[in-house]
Every structure is written in structure tokens, then in C-alpha cells.
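> Have a look at this one before I ask anything.
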Amino acid sequence: MKLKPECIPCILDVRRRELEMLGLEEEEASKVMVEVTKYMSKLLSTDVNVTRLASLIYRKFKELTLEDPYFCIRERALSRFNEIKDFCLRILEGFEGYKRFSEAVKLSLLGNSFDYGVAEFKPPELGSITELVSSMIIEKDQIPQLYETSKAAKIVFLLDNVEELPFDYVLLSELKRLDSKITVIAKSGTFQNDTTIDDTKKVGLHKLVDKLMDSGSDGSSIFLEEVSEEVKRDLMTSNLIIAKGMAHYEYIADTPLKTKTFFLLRAKCKVVARELGVNVGSYVVFRALP
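Numbering (this note's numbering), first residue to last: 8 to 297.
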């Protein structure tokens with residue numbers, strides 16, 4: 008997805024909020040924002056991919072601050088992983104077949120709401136999980152197609168935020184029940200609050216899936232010029248890619264892959280919602296074309 012006017016202040020506002028999270032003195036924070044803005048101005052173009060730009064800006068931010076503003080959020084999310092995962096698994100009790108799979112997809116979609124890396128978006132409260140899933144309306148709903156495509160498939164699953172990891176665990180468990188072979192790809196280094204390979208190991212995800220890989224990059228998505236050769240090979244030889252979150256949509260929409268790809272996300276900003284033809288806050292499950 009190409010850069011839109013709203014994307015520029017959004018990226019900068021997220022950086023400003025991260026400086027608040029780090030608790031820097033006002034003068035130091037101003038210096039960082041000035042340097043980030045100068046750097047960003049050199050990269051701006053109507054042709055630039057928005058999530059590629061966001062990745063470059065965040066790398067500059069890390070270089071300037073030498074700190075992870077999401078460290079506490081990450082640690083809290085990992086500490087609650089088992090509690091949330093077990094709660095979600097109990098929601099699936101009593102369901103079988105397609106209905107069970109559909110509920111697992113909805114939980115995974117709900118998990119995509121727990122995102123502190125989007126400006127002006129407030130995540131829901133955990134206590135409302137059951138109610139939110141039961142009342143969820145999916146504006147682009149291709150769960151039936153995803154269900155049929157996932158049976159005995161060779162799947163690559165692209166993770167997104169660390170807060171949604173327990174919700175994704177539930178969906179991955181259901182994909183295993185469909186006799187799928189699953190490769191999960193997480194980031195090698197930190198990008199905002201996204202899941203890293205270290206995060207997945209801490210919660211034992213390697214015990215569930217067939218293969219757990221780091222991307223070889225700290226980029227927000229699977230930038231083909233950055234990821235490892237093994238990742239590229241798995242992407243191209245799988246039957247199905249399941250991509251969580253807006254960043255993967257923003258990149259893959261501009262870089263179509265030959266492999267059948269389904270996006271699972273909540274449209275948390277006006278730009279993505281407009282591109283998808285849905286309202287802000289809408290949940291979508293759909294296959295990329297062609």
C-alpha cells in the first residue's frame with residue numbers, strides 16, 4: 008500500500024507516544040523527534056510503501072534512543088499468555104468442525120485489536136472477550152474458504168503483535184486439527200510491539216507447530232529483499248499463507264505472492280479501512296487476489 012497523507016502524521020505520532028512511554032525529558036524527546044522527522048523527510052515519496060517507511064523510521068528511532076518503548080508491554084503480554092490462551096480454549100469447548108474453526112478465527116481476529124502501535128486506537132478490555140467474540144461482525148468474511156483451503160495444507164503463518172499471541176495459538180491449534188503442516192514466522196528483532204522469535208520461544212510455540220522461523224529481519228513485514236532465503240523458499244513453496252495484521256496487508260498488497268494468501272485483521276485506521284472498503288474498526292478475513 009502506497010503512502011497516503013494521513014500516514015505521515017500517524018507514523019510521527021506513534022514515535023511521539025513512544026518517547027512518552029520511555030519517559031525522556033522534554034528537551035531530549037524534542038531532539039529525537041527532530042532527527043526522526045528530518046530522516047523521514049528524506050524518505051518521503053508518493054511511491055513509497057507505507058509499512059516499509061514505518062520500518063525504516065522505527066529503526067532510526069531505535070538507533071537514537073537505544074531503548075525498547077514496548078518492553079513492559081511485551082513482558083506483561085508474555086506473562087499473561089497462558090491465562091489468556093487457556094481462557095480462549097475454554098470458549099471453544101462444545102464446538103466441533105467448521106463452527107469450532109470459525110470461533111478460533113474470531114478469537115484470532117479479536118487478538119488483532121490488542122495493538123498499541125496504532126495512533127488513536129484504543130484496544131478492548133480483556134474481560135470482554137466472550138461478549139466481543141459472540142457479537143463480532145466480519146465485514147469481509149471468507150472464513151468458509153479459509154477453512155476448506157486449510158485442510159491438510161502446508162501453511163505459513165505470519166505473526167503480528169505480541170499481545171495477540173495467545174489468540175493466535177488457539178487458531179494454530181485448530182489448524183493442526185485439520186492435519187495442516189504449519190510454519191510460523193516471527194521477527195528477528197523488535198518492531199514496535201510485534202512478536203519476535205524470542206517471544207515465541209518463551210511461550211513454547213515451537214511445541215505446537217511443525218516449524219518456527221525468524222524472518223531474518225526486524226521489518227514490519229516479510230520484505231523479500233531482507234528476509235532469509237529459507238523464509239522466501241517457504242513462502243513460495245507453501246499452499247497457503249495466513250497473514251495477521253495491517254502491516255502484512257500493506258506490504259503484500261504491493262508485493263503479490265504466488266502463494267494463496269488470506270489476511271486476518273482489524274482495520275484500525277482510516278487509510279486501511281478505506282483501501283478495504285470497510286468501516287474503521289471492522290474485522291476482515293479475505294483472500295488476496297489473484
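The C-beta atom is built at its ideal place from N, Cα and C for all residues, glycine as well.
#1: Kindly confirm or deny that the region 94-104 and the region 65-74 touch, where touching means at least three C-beta pairs closer than 8 Å.
#2: The alpha helix (DSSP H) with T266 in it runs from where to where?
#3: What are the residues that DSSP puts in a beta bridge with F230?
#4: Can you confirm whether the region 168-178 touches the region 259-269 when touching is taken to mean that 3 or more C-beta pairs between the two stretches lie within less than 8 Å?
#5: At what residues does the alpha helix (DSSP H) containing A36 begin and finish?
#6: Assuming I136 contacts S109 (C-beta within less than 8 Å), just tell me the rounded distance between them.
#7: Would you kindly check if the distance between the Cβ of D217 and the Cβ of I189 is under 7 Å?
#8: Cutting at 7 Å between CB atoms, please list the residues of its own chain near E42, excluding the five before and the five after it.
#9: Taking R83 as the reference, which of R184, L242 and N168 has the closest Cα?
#10: Using only the alpha-carbon positions, how far apart do V46 and D20 sit?
#11: Is S227 near S115, with beta carbons less than 7 Å apart?
#12: By Cβ distance below 6 Å, which residues in the same chain neighbour E171 in space, the five residues on each side in sequence not counted?
#13: Report the option in L296, V291 and A295 whose CA atom is closest to the CA atom of E146.
#14: Using the beta-carbon count (16 or more within 10 Å), is L166 buried or exposed?
#15: Measure the C-alpha to C-alpha separation of D241 and N56 and round it to an integer number of angstroms.
#16: On the premise that I15 lies in contact with I64, defined as a C-beta separation below 8 Å, what is that separation, rounded to the nearest angstrom?
#17: Please go through the same chain and pick out, in chain order, the residues whose beta-carbon is closer than 7 Å to the beta-carbon of L182, but skip the five residues on each side of it.
#18: Which term fits E236, buried or exposed, when burial requires 16 or more other beta carbons within 10 angstroms of its beta carbon?
#19: Put L165 into one of helix, strand or coil per three-state DSSP.
#20: May I have the straight-line CA-CA distance separating A111 from D221, to the nearest angstrom?
#21: Just mark L73 as buried or exposed, buried being the case when its beta carbon has 16 or more other beta carbons within 10 Å.
#22: If you reduce the DSSP assignment to three classes, tell me which class N89 lands in.
#23: On the DSSP bridge list, what partners appear for A193?
#24: With N246 and Y77 assumed to form a contact (beta carbons below 8 Å), what rounded beta-carbon distance in angstroms separates them?
#25: Nearest to L133 by CA position, among I91, L264 and R107, is which residue?
So, from the listed chains and residues:
#1: no
#2: Per DSSP, T266 belongs to no alpha helix (DSSP H) and is neither H nor E.
#3: Answer is none; F230 lacks a bridge partner.
#4: no
#5: E33 to L50
#6: Contact doesn't hold; Cβ gap of about 16 Å is too wide.
#7: Yes, they are a contact pair.
#8: L71
#9: N168
#10: For the sequence presented, residue 46 should be read as Tyr rather than Val. Approximately 15 Å, taken between the alpha carbons.
#11: no
#12: G118, N119 and F121
#13: The candidate whose alpha carbon is nearest that of E146 is V291.
#14: buried
#15: 23 Å
#16: The Cβ separation is near 10 Å, so there is no contact.
#17: S157, I162 and I189
#18: exposed
#19: strand
#20: 24 Å
#21: exposed
#22: Helix.
#23: Per DSSP, D221.
#24: Y77 and N246 do not touch by the CB rule: their CB atoms are close to 33 Å apart, not below 8 Å.
#25: I91
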